Amino acid sequence: MSVEEAECRRAFDAATEVYMASFHLVKATRALREADEEEIQKTVGAFNGSVVGAESVRHKYEKLLQNFFKKAFEVMHKN
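In this text, residue positions in the sequence shown follow our numbering: the first is 4, and each later residue adds one.
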């Protein structure tokens, strides 16, 4: 794994932890959707602030992050 790949992965991992930590108290569907949208914006900002490397590597992890958001919201919505 290259340095840029490792740093993008680190930024991705940190962003997903921040995202998941934000929802431990949110239960209502409407509040959950609103909180989800807010946290996605914050998380993407944090990711963009720490990610390094080539556009292709960065894009790979941006896509992974968006997929993570979708799956995590589905899980939280079920609970």
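Ideal Cβ positions, reconstructed from N, Cα and C, are used throughout, including at glycine. Since we're looking at a predicted model, the values are computed, not measured.
Inset, instruction - May I have a chain-ordered list of the beta strand (DSSP E) segments no shorter than 3 residues that lie completely inside the region 14-56? - result: With a minimum length of 3 residues, no continuous beta strand (DSSP E) run stays inside the region 14-56.
Inset, instruction - Can you have a look at Val6 and say buried or exposed, based on whether 16 or more other CB atoms are within 10 angstroms of its CB? - result: exposed
Inset, instruction - Take the Cβ of Glu77 as the centre, count every other Cβ of all protein chains shown within 10 Å, and call the residue buried at 16 or more, exposed below. - result: exposed
Legend entry - Backbone secondary structure at Met79 - three-state DSSP: helix
Inset, instruction - Round the Cβ separation of Ala49 and Ala18 to the nearest angstrom and send it over; I've been treating them as touching at under 8 Å. - result: The pair is a contact, with the Cβ atoms about 6 Å apart (cut-off 8 Å).
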